[in-house]
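Structure first, commentary second.
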Amino acid sequence: MDLKHTNAVITGAGKGIGKAIAVQLAKEGVNLGLVARTASDLEELRAELESAYHVKVYTVSADIARRDAAEQAVQSLIGRLGSLDILINNAGIAQFGTVAEMEPELWESIVQTNLMGTYYVTRAALPTMLAQASGSIISIASTAGERGFATGSAYCASKAAVLGFTEALMQEVRKSNIRVTALTPSTVNTELAANAGLKIGDEDRMMQPEDLADLVVAALKLPPRVFVKTAGLWTTNPQ
Ligand SMILES: NC(=O)c1ccc[n+]([C@@H]2O[C@H](COP(=O)([O-])OP(=O)(O)OC[C@H]3O[C@@H](n4cnc5c(N)ncnc54)[C@H](OP(=O)(O)O)[C@@H]3O)[C@@H](O)[C@H]2O)c1
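Position in the sequence shown (from 1) plus 15 gives the number in the working numbering.
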């Protein structure tokens, strides 16, 4: 399936995995609506992609953990793009601490961003896709959503919930030709991983954001009659 001239919204596009997906989709000729809280990251990327790949790029600085902000961001980007073919739910945060020690406010903010943000953004995008009876929604979950680990209660719970949300949504909308996918990467070489202390040893041997972006493009290019339900991406030779 040719992606040229389709329209995509990507959350968390300012850096890391979201930025890599934005670059790969721009290379395919996809027009983009980018969301993150830091406006300067988005502005820099917009200028880079518009000049390198001659696609239209619109940006909104918004906190998707807030329902009104998430809805306004999605509606404004769909309005400017004219339609919506692809939604990438990527924005997410990770912090770790034991259940006994992590402050409830931090625990809540992780779930609010990773789960509620994904729900708010998806809900805002759905009417457009349902009306046109087509579209692809890809949510970046994590191996942390498949199995828990010590100090990961908030992050693991949020990502397990994203997997549950995504599968339920898939069952609701597949009859409307909307393809819903959850990806479960293990550690990816980004700021999030560095801040969590997950970058150890040789960075070149870690999974790179571009590797995940390649999988996203491959999934989107499948014929519209099929979709990837879930896919995990792991490193070949973990250190
Ligand atoms: N890196 C890994 O090892 C790994 C593994 C599995 C899954 N994942 C998942 O992959 C996704 C991307 O992770 P990453 O490693 O690329 O992280 P990253 O490098 O920290 O980038 C995260 C992006 O999301 C944005 N963001 C965060 N909170 C937001 C909010 N409330 N509203 C809007 N934008 C927000 C950030 O920008 P602002 O801060 O400017 O808003 C940034 O652009 C996350 O969902 C993460 O859980 C990561």
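From the three backbone atoms N, C-alpha and C, an ideal C-beta is built for every residue, glycine too.
Asked	Found
Taking a contact to mean a Cβ-Cβ separation below 7 Å, would you say Ala139 touches Glu86 in this structure?	yes
Is it true that the CB of Val243 sits closer than 7 Å to the CB of Ala234?	yes
Looking at the structure shown, is Ile155 part of a helix, part of a strand, or coil, going by DSSP?	strand
Output yes or no for whether 7 Å exceeds the beta carbon distance between Pro239 and Ile32.	no
If you scan the stretch 176-250 from start to end, which runs of the beta strand (DSSP E) of 3 or more residues do you find wholly inside it?	193-200, 245-248
Cβ of Pro200 versus every heavy atom of ligand 1: is any distance shorter than 6 Å?	yes
On the DSSP bridge list, what partners appear for Asn252?	Its beta-bridge partners do not exist; DSSP assigns none.
Is DSSP giving Val126 helix, strand or coil here?	helix
What does the Cβ neighbour count give for Met16, buried or exposed, with the cut at 16 atoms within 10 Å?	exposed
Could you check whether the Cβ of Ile155 sits closer than 7 Å to any Cβ belonging to chain B?	Included in the structure is just one protein chain, with no chain B present.
Give every residue of the same chain whose Cβ lies closer than 8 Å to the Cβ of Gln39, excluding the five residues on either side of it in the sequence, and list them in chain order.	Glu225, Ala228, Asp229, Val231, Val232
Once DSSP output is grouped into helix, strand and coil, what is the label at Ser91?	helix
For Ala139, which of helix, strand or coil comes out of DSSP?	helix
Evaluate Ala19 with the Cβ neighbour count: other Cβ atoms within 10 Å of its Cβ, from every protein chain shown; 16 or more gives buried, anything less gives exposed.	Checking the displayed sequence, the identity of residue 19 turns out to be Lys instead of Ala. Classification of Lys19: exposed, given that the 10 Å Cβ count is below 16.
Would you list the residues sitting across from Val114 in a DSSP beta bridge?	According to DSSP, Val114 bridges with nothing at all.
Taking the CB atoms as reference points, tell me whether Ile79 and Val126 lie closer together than 7 Å.	no
Please state the DSSP three-state secondary structure of Ser173.	helix
Using beta-carbon positions only, say whether Thr166 and Thr199 come within less than 7 Å of one another.	no
Buried or exposed: which applies to Val114, given that a residue is buried once 16 or more other Cβ atoms fall within 10 Å of its Cβ?	exposed
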